[in-house]
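If you use numbering that gives the first Met the number 0, the sequence shown corresponds to residues 0 to 183, in order. To keep things clear, I will list the structure first and then write my remarks on it.
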Amino acid sequence: MLSEIIKGRRAVFPVQYNQEPITKIEIETILEAANWAPTHRRTEPWRFKVLQDKSKIKLATFLSETYKISVENFKETKYLKYQTNPLKAGCIIAICMKRDPKESIPEWEEIAATAMAVQNMWLTAHNLNIGAYWSSPTIIDQMHLFFNLEEGERCLGFFYMGKYDDDLPEGTRKSTITDKTEWL
Ligand SMILES: Cc1cc2nc3c(=O)[nH]c(=O)nc-3n(C[C@H](O)[C@H](O)[C@H](O)COP(=O)(O)O)c2cc1C
0 MLSEIIKGRR AVFPVQYNQE PITKIEIETI LEAANWAPTH RRTEPWRFKV LQDKSKIKLA
60 TFLSETYKIS VENFKETKYL KYQTNPLKAG CIIAICMKRD PKESIPEWEE IAATAMAVQN
120 MWLTAHNLNI GAYWSSPTII DQMHLFFNLE EGERCLGFFY MGKYDDDLPE GTRKSTITDK
180 TEWL
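Structure, rendered in structure tokens:
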């Protein structure tokens with residue numbers, strides 16, 4: 000049932016991942032789901048970069064070292080997480096958004112469409128028993144120094160994925176949907 004998949008999906012973090020590999024077919028299935036997100040004026044702004052093996056190691060070095068040199072409020076624990084988390088993931092997909100060159104719609108709509116693509120990926124990963132979460136590091140605005148981003152392309156975070164052994168916890172929400180809805 001779709002509602003069970005939606006409610007059962009959790010943010011699953013690198014500390015929970017076992018080292019079982021994620022297959023190319025699984026990654027392609029997850030990416031294919033992204034491509035079916037809705038999109039205003041059919042701009043299809045989502046772009047992805049798949050990082051495995053050596054590129055995960057390079058990302059870990061970039062994230063941790065860039066964090067170290069660029070933040071005022073440096074925290075050793077955060078530095079170590081940037082250094083080790085990418086290595087625990089079976090695969091990391093950089094979430095990017097490339098703006099329509101004609102700028103025919105506002106940027107927020109392109110970001111919203113990309114987020115919808117990520118939700119498709121997250122639900123598909125969950126359905127394949129692959130844990131995932133969207134990571135948005137402090138230094139995300141510096142990712143152009145790591146990737147060859149095209150004109151109008153922005154990195155919005157990372158989709159970490161890994162297989163896991165433990166049962167996922169029940170989800171929690173701070174308030175019900177009734178509290179957030181006004182019926183007019
Ligand atoms: C746009 C976006 C960015 C996120 N960035 C982070 C992050 O940087 N670090 C983190 O621990 N979780 C991040 N998350 C995951 C949330 O923490 C998680 O979805 C939330 O706690 C609700 O838990 P659930 O997904 O298991 O229901 C992000 C989620 C979204 C949608």
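C-beta atoms are modelled at their ideal positions from N, C-alpha and C, and glycine is treated no differently.
For Y16: DSSP bridge partner residues: Y163
Whole alpha helix (DSSP H) elements within the region 57–99, 4-residue minimum: 75–87
Contact check, V49 vs L30, beta carbons under 9 Å: yes
Distance cut 6 Å, beta-carbon to ligand 1 heavy atom: residue list by chain order: R9, A10, Y132, W133, S134, S135, G156, G170
Start-to-end residues for the beta strand (DSSP E) that takes in V49: 45–50
Inter-stretch contact (C-beta, 8 Å, three-pair minimum) for the region 144–155 and the region 124–131: no
Chain-order list of residues whose beta-carbon lies under 8 Å from that of R40 (same chain, five-residue window excluded): D99, S103, I104
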